[in-house]
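To start, the structure under review is shown below, and the notes come after it.
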Amino acid sequence: MARRKKIYEGKAKILYEGPEPGTIVQYFKDDATAFNAQKKDVIEGKGVLNNRLSEFFMTGLNNVGVPTHFIKRLNMREQLVRAVEIIPLEIIVRNYAAGSLSKRLGIEEGTALPRPIVEYCYKDDKLGDPLVTEEHIAAFGWASQQDMDDILALALRVNDYLSGLMYGVGIKLVDFRIEIGRVYDGDYQRLIVADEISPDSCRLWDLETGQKLDKDVFRQDLGNLADAYTEVARRLGVMPKQSTHMAKPKLIN
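Numbering (my numbering), first residue to last: 348 to 600.
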């Protein structure tokens with residue numbers, strides 16, 4: 348499709364005006380960043396993999412009644428999504444201790460948590476996306492109490508779906524991050540899952556070996572990031588099981 352007006356460019360994606368009012372074209376880049384973009388690289392094929400994996404997860408959520416912004420995939424790097432009003436929060440769901448939680452609380456990485464823990468970060472790259480409480484969210488008007496109730500319910504439903512899906516292919520869902528957007532049907536507002544769900548936004552470990560299959564591979568210099576994402580795609584059936592990693596992954600249509 349013809350390139351349209353660019354709306355926004357982030358670290359991993361570019362947003363363009365969609366073909367119809369209320370739609371956006373989301374383009375997945377090959378850029379990889381970590382530590383608030385202090386570490387950067389270009390991983391050939393990463394955008395293709397994340398486009399297909401996010402399509403897979405979002406379609407699955409839509410099918411089980413969890414609303415998302417995803418409409419359809421347009422090509423190997425682009426998908427059509429609903430335009431939403433993004434709530435300025437990152438919603439993090441943790442099933443096991445890892446990353447900043449381990450550092451903050453001194454809990455050994457990999458420790459199973461007694462229940463899923465939901466945390467909120469204020470979306471601001473300049474501030475490093477700081478952790479905030481529901482008191483901050485209410486005080487600054489980022490979301491209402493009803494919004495927060497709906498966000499919590501959505502986050503836990505996404506966790507149930509992704510945890511079961513990953514467990515079925517031998518992967519432990521350690522934690523993940525989602526964004527939530529508002530859409531309006533007349534005067535009626537509802538919240539839906541937006542942005543993306545991919546190994547960029549999840550921690551995924553092999554159930555048996557503990558091998559990391561997510562962006563920590565890039566953060567911690569543990570190997571080839573595209574190989575890790577390809578393994579996730581292969582296990583989920585997004586790529587042929589017999590294929591090996593290629594610079595330009597061949598994905599199943």
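We put the CB at the ideal spot given by N, CA and C, even for glycine.
From a predicted model like this one, the values you see are computed outputs, not experimental measurements.
By the three-class DSSP mapping on this structure, what secondary structure does residue i have?
i	result
D471	coil
V439	As written in the sequence, residue 439 is Ile, which differs from the Val given in the question. I439 falls in the strand class under three-state DSSP.
V505	helix
K358	coil
E418	Reading off the sequence shown, one finds Ile at residue 418, where the question assumed Glu. It is a strand residue.
K352	coil
K450	helix
L560	coil
K387	strand
E555	coil
F375	strand
T370	strand
G364	It is Glu, not Gly, that sits at residue 364 in the sequence shown. E364 falls in the strand class under three-state DSSP.
T480	coil
T591	Bear in mind that the predicted position of T591 carries a pLDDT of just 46, short of 50, making it too unreliable to give a figure here.
Using the beta-carbon count (16 or more within 10 Å), is residue i buried or exposed?
i	result
R420	buried
K595	Any reading at K595 needs caution, since the residue's pLDDT is 49, under 50, leaving its predicted position unreliable; the model's value is listed next. So K595 counts as exposed.
N383	exposed
N506	buried
V579	buried
G392	buried
A502	buried
Y374	buried
With C-beta atoms as the reference, is residue i less than 8 Å away from residue j?
i	j	result
F417	N409	yes
I498	S401	no
Worksheet item: What beta strand (DSSP E) runs, 3 residues minimum, are completely inside the stretch 482 to 539?
Response: Within the stretch 482 to 539, the complete beta strand (DSSP E) runs of at least 3 residues fall at 518 to 532.
Discussion item. Contact between the stretch 477 to 494 and the stretch 552 to 568 is defined here as three or more beta-carbon pairs at a separation below 8 Å; is this criterion met?
Written reply: Short answer: they don't touch.
Item to complete: Answer yes if the stretch 530 to 550 comes into contact with the stretch 459 to 477, meaning at least three C-beta pairs across the two stretches below 8 Å, and no otherwise.
Response: Touching, no, given that fewer than three Cβ pairs across the two stretches are closer than 8 Å.
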